[in-house]
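To start, the structure under review is shown below, and the notes come after it.
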Amino acid sequence: MKKLLIMIIASLTSVLTMYGQDKKWRFAVVGDTYAPQAYTIKKIIPSLIDNKVEVVLFVGDLIQGGKGQNVQGMYEELSQWNEFTQPLRDAGVKIIVIWDNHEEDVKGDNLKSWKEMISLGLNLVSTYKNVTFIGMDNYLDGEHTVDTGWLKKVLKEVKKDNIIVPFGYEPAFTCNTFHSVCLDANENSRNKFWSLLEEYGIDYYFCGYTHLYNYCTVTHDEKNIHQIVSGGSGGFLQFGRGGIQNADGYKVESVKE
């Protein structure tokens, strides 16, 4: 039976083991690397290689970027990010990347910079062995949202036997995370997104945004989904606060912080 097992969890990144038709293999979830600082991820990368990780999901905020940065600065920071993640490529590791506010806020044609340096898409789908990874931008359909129309079409096309692993930048539920507002700022959009995960029997949602490790379960209509925040890979580490916000009929329980 296919399943996903959280094999190694730390405050900096998450490494998970997959079991299925392709036997055992590992992928990692890494968030908020914040190049050019990125001291933490530079130390994490050798461990990912040693642990024979085959796929790494980078869940946004690759760079410092932000509203004070221009396109030229974005090119330079993305170049540095590509440079320090090169050992993963050299080791044959597949890298899957989405952007978020520190890239999206850069002044000028930031999308051109992103497409030339990192990826042609913002929302994306990538299948590796028995897993389909679905990366979701949280700004294309408005701030703090998921493009649920796009997601619904994608989910319909996923191979039936594949495990689906969705990831975005922002948590869907604020559960003792540092930021008091995440996707739950737009509850209607958040609930539509979450209902699709429930409909397709998806067990996990991975994200970053808050610079810490946070794990909670969300129960709704007798379905349980695990939300895992893995955002401690470069930006200054943050503390949990705020409790649980805007649960709106969902039972949200913290598992580990």
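Position one of the sequence shown corresponds to residue 15 (the working numbering), numbered consecutively onward. For every residue, glycine included, the Cβ atom is placed at its ideal position computed from N, Cα and C.
So what does DSSP say about residue i, is it helix, strand or coil?
i, result
"LYS16", "Confidence is the limiting factor: at LYS16 the pLDDT is only 48, short of 50, which leaves the residue's position unreliable and the question unanswerable from this model."
"THR54", "helix"
"TYR264", "coil"
"GLN241", "strand"
"SER93", "helix"
"GLY87", "helix"
Pick out whichever of the options has its Cα sitting closest to the Cα of residue i.
i, options, result
"THR47", "VAL69, ILE63, ASN96", "ASN96"
"LEU154", "TRP164, LYS174, TYR264, TRP208", "TRP164"
"LYS237", "LYS166, CYS221, ILE58, GLU213", "GLU213"
"VAL179", "SER127, VAL269, VAL73", "VAL73"
"LYS81", "TYR142, ASN124, ALA52", "ASN124"
"ASP151", "ILE112, THR188, SER244", "ILE112"
"TYR142", "ASN65, SER133, TRP39", "TRP39"
"ASN84", "LEU210, LYS37, VAL160, GLY122", "GLY122"
"ILE216", "ILE148, ALA105, ILE110", "ILE148"
"LYS170", "GLY135, LEU210, THR31", "LEU210"
"SER140", "GLY45, VAL70, LEU226", "VAL70"
"VAL195", "TYR227, THR159, PHE220, TYR218", "THR159"
"TYR219", "LYS166, GLU184, ASN200, GLU68", "GLU184"
"ASN200", "ASP114, ASP161, ALA105", "ASP161"
"GLY10", "ILE132, VAL67, GLU130, MET131", "Past the boundaries of the shown model lies residue 10; the chain is included only from 15 to 271, so the question cannot be answered."
"TRP208", "CYS189, MET131, ILE239", "ILE239"
"VAL282", "ALA261, CYS221, CYS189", "Outside the shown range of the chain, which is 15 to 271, sits residue 282, and nothing can be said about it."
"LYS108", "PHE41, LYS166, LYS167", "PHE41"
"GLN94", "ASN228, GLN241, ILE132", "ILE132"
"ASP75", "ASN65, ASP104, LEU136", "LEU136"
Can you name, in chain order, every residue of its own chain whose Cβ lies under 7 Å from the Cβ of residue i, other than the five neighbours on each side?
i, result
"GLY79", "MET88, GLU91, HIS116, GLU117, ASP119, VAL120"
"GLU267", "CYS230, THR231"
"ARG204", "ALA186, LEU197, ASP198"
"VAL168", "VAL139, ILE148"
With respect to the alpha helix (DSSP H) encompassing residue i, which residues constitute its N-terminal and C-terminal limits?
i, result
"GLU68", "It is not in any alpha helix (DSSP H) - GLU68 instead sits in the beta strand (DSSP E) that spans 67-73."
"LYS108", "No alpha helix (DSSP H) holds LYS108; the beta strand (DSSP E) holding it covers 108-112."
"LEU102", "100-104"
"ASN115", "115-118"
Near residue i, what residues of its chain come up, given a Cβ to Cβ distance below 8 Å and the 5 sequence neighbours on each side ignored?
i, result
"GLY263", "HIS234"
"PHE98", "ALA49, ALA52, ILE55, LYS56, ILE59"
"VAL101", "Correcting the residue type first, residue 101 is Pro in the shown sequence and not Val. Once the five neighbours on either side are set aside, the close Cβ partners of PRO101 are ILE59, PRO60, ILE63."
Considering residue i, what are the terminal residues of the beta strand (DSSP E) in which it resides?
i, result
"LEU125", "Counting along the chain, LEU125 falls outside any beta strand (DSSP E), though it belongs to the alpha helix (DSSP H) covering 124-131."
"ILE77", "Unbroken run through ILE77: none, as it is neither H nor E."
"TYR142", "138-142"
"GLY149", "145-150"
"ALA42", "39-44"
What residues in its chain sit with their C-beta under 6 Å from that of residue i, if we drop five residues either side in the sequence?
i, result
"THR146", "VAL172, ASN176, ILE178"
"LYS265", "THR233"
Sequence ranges, alpha helix (DSSP H) only - wholly within the region 152-237, length at least 4: 162-171, 201-213
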